[in-house]
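Residue 41 in numbering that gives the first Met the number 0 sits at position 42 of the sequence shown, and the numbers go up by one each step.
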Amino acid sequence: MKRRSKPYRQRSWGRQLLFLIALGVLAVFYVHWGNTTLQTTFFSPAFRNLPQSFDGCRLVVLGDLHSTYFGEKNQQLLSAVRAQEPEYIFLVGDLLDAFQEIPEGYAEETAAGLADIAPTYYVTGNHEWAIGDVPELKQTLEAQGVKVLSNEFVALKRNRDHVILAGIDDPNGYADQKSPEALAEEVRNAYVYEDPFWILLAHRNNYFPEQYSLLGADLVISGHGHGGVIRLPFTDGLVSTDRTFFPSYTAGLYKENGSTLFVTRGLGNTWPSFRLFNRPEVAVVTLRRG
Numbered sequence: 000m001k002r003r004s005k006p007y008r009q010r011s012w013g014r015q016l017l018f019l020i021a022l023g024v025l026a027v028f029y030v031h032w033g034n035t036t037l038q039t040t041f042f043s044p045a046f047r048n049l050p051q052s053f054d055g056c057r058l059v060v061l062g063d064l065h066s067t068y069f070g071e072k073n074q075q076l077l078s079a080v081r082a083q084e085p086e087y088i089f090l091v092g093d094l095l096d097a098f099q100e101i102p103e104g105y106a107e108e109t110a111a112g113l114a115d116i117a118p119t120y121y122v123t124g125n126h127e128w129a130i131g132d133v134p135e136l137k138q139t140l141e142a143q144g145v146k147v148l149s150n151e152f153v154a155l156k157r158n159r160d161h162v163i164l165a166g167i168d169d170p171n172g173y174a175d176q177k178s179p180e181a182l183a184e185e186v187r188n189a190y191v192y193e194d195p196f197w198i199l200l201a202h203r204n205n206y207f208p209e210q211y212s213l214l215g216a217d218l219v220i221s222g223h224g225h226g227g228v229i230r231l232p233f234t235d236g237l238v239s240t241d242r243t244f245f246p247s248y249t250a251g252l253y254k255e256n257g258s259t260l261f262v263t264r265g266l267g268n269t270w271p272s273f274r275l276f277n278r279p280e281v282a283v284v285t286l287r288r289g
């Protein structure tokens, strides 16, 4: 029996090498696609005490853009949001990124584009405070039509009913800023003769079980978790933004202490992380009475 020739072995190794190269190229393409292609997701939490007029109220929740563009001047993002015809847009922090260059005019363009679609409300994330000049950023957003909620609340009206929308600055903010508990007390005192349905915008998802769920808000809306960065089957993500493994409260709906949390997986990344099986999310939350 003749032994296999050396050229045959070389051809076999050559095919394996080409296969590995092709596999690597496909993997790079998939990661790029998974980090730059928007995914619209839909949620319909139900609440027994939601005012009748707000049944079917459609919200778009965006978070953690981290200075990322989706299309020129974020036109892909704005088109995806506009297509959902939201009544309100909630922007839950980390619009900008502390570890990469911020494109000139980024905050203005994004804010103006969103405010042109629907009333838009914003709360700060940890990255805005890490960058600094937060008062200037707030003024910029307000000038473009975005309402900044800095430890305060407003009433949203729909037909004959209203709900309360509150928003808090990130804990990275001023040391003497109003606490979430103080804000919740203000809501209760302002509506002492009724028990209004109220929504809290608060950037940090991981504060929900121990603090935010105890404030009395019916619905807390957060970001910060990035969907657990890498989403694996039967997990809530592989790693938190605090670099702990197998975090919770990273994407979708949760319930604790009579309060419901919605967390968006967010849109961008902060250096040096990337997303895997976790596409950038435009979240549509439709409030239901039930």
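Here a beta-carbon is modelled for each residue, glycine too, at the ideal position from N, C-alpha and C. A quick note: this is a predicted structure, and the numbers were derived from the prediction, not measured.
DSSP-derived helix/strand/coil call for P116: In the sequence under discussion, the amino acid at residue 116 is Ile, which differs from the Pro named in the question. Correct three-state label for I116: coil.
DSSP three-state assignment for K177, whether helix, strand or coil: Note: K177 maps to coil in three-state DSSP.
Through-space distance from T109 to N73, alpha-carbon basis: Taking the straight line joining both Cα atoms gives about 7 Å.
Which residues DSSP lists as bridging E151, in chain order: E151 pairs with G166.
Inter-residue spacing [alpha-carbon to alpha-carbon] between F46 and R287: Their Cα atoms are separated by approximately 6 Å.
Under 8 Å between C-beta atoms of T285 and R81: Contact flag unset, no.
S247 in three-state terms, based on DSSP: In the structure shown, the three-state DSSP call for S247 is coil.
Cutoff 6 Å; reference T263; Cβ partners in own chain excluding five residues on either side: Within the same chain, T263 has close Cβ partners V60, G62, G222, E280, A282.
Per DSSP, the bridge partner or partners of S157: The question names Ser, but residue 157 in the sequence shown is Arg. Partner(s): D160.
CB contact check: P170 to chain D, cutoff 8 Å: Annotation note: the requested chain D is absent from the structure, which comprises a single protein chain.
Proximity below 8 Å, CB of D168 to CB of N125: The answer is no: Cβ separation not under 8 Å.
Cβ-Cβ separation, N277 to R242 (assumed contact under 8 Å), whole Å: Their Cβ separation, rounded to whole angstroms, is 16 Å, which puts R242 and N277 out of contact at 8 Å.
Selected residue, minimal CA-CA separation from L95, among T139, G251, D217, D235: Comparing C-alpha distances from L95 to each of T139, G251, D217, D235 shows the shortest one belongs to T139.
Delimiting residues of the beta strand (DSSP E) encompassing W197: That run of the beta strand (DSSP E) goes 197 to 203.
Among K137, A97, P118, the one whose alpha carbon lies nearest that of E107: Measuring from the Cα of E107, the nearest candidate turns out to be K137.
Nearest-angstrom Cα separation, counted from G224 out to Q38: Between the alpha carbons of Q38 and G224 lies a distance of about 17 Å.
Separation of K254 from P246, as counted between CA atoms: P246 and K254: Cα-Cα distance of roughly 16 Å.
For L199 and A183, the rounded distance between their alpha carbons: For A183 and L199, the gap between their C-alpha atoms comes out near 9 Å.
Residue span of the beta strand (DSSP E) that contains E280, given as start and end: Taken as a continuous stretch (DSSP letters only), the beta strand (DSSP E) holding E280 covers 280 to 285.
Between the CA atoms of Y120 and R14 - distance to the nearest angstrom: Roughly 56 Å between the two C-alpha positions.
Rounded Cβ spacing between T67 and L266 (contact assumed at less than 8 Å): Rounded, the Cβ-Cβ distance is 6 Å, consistent with contact.
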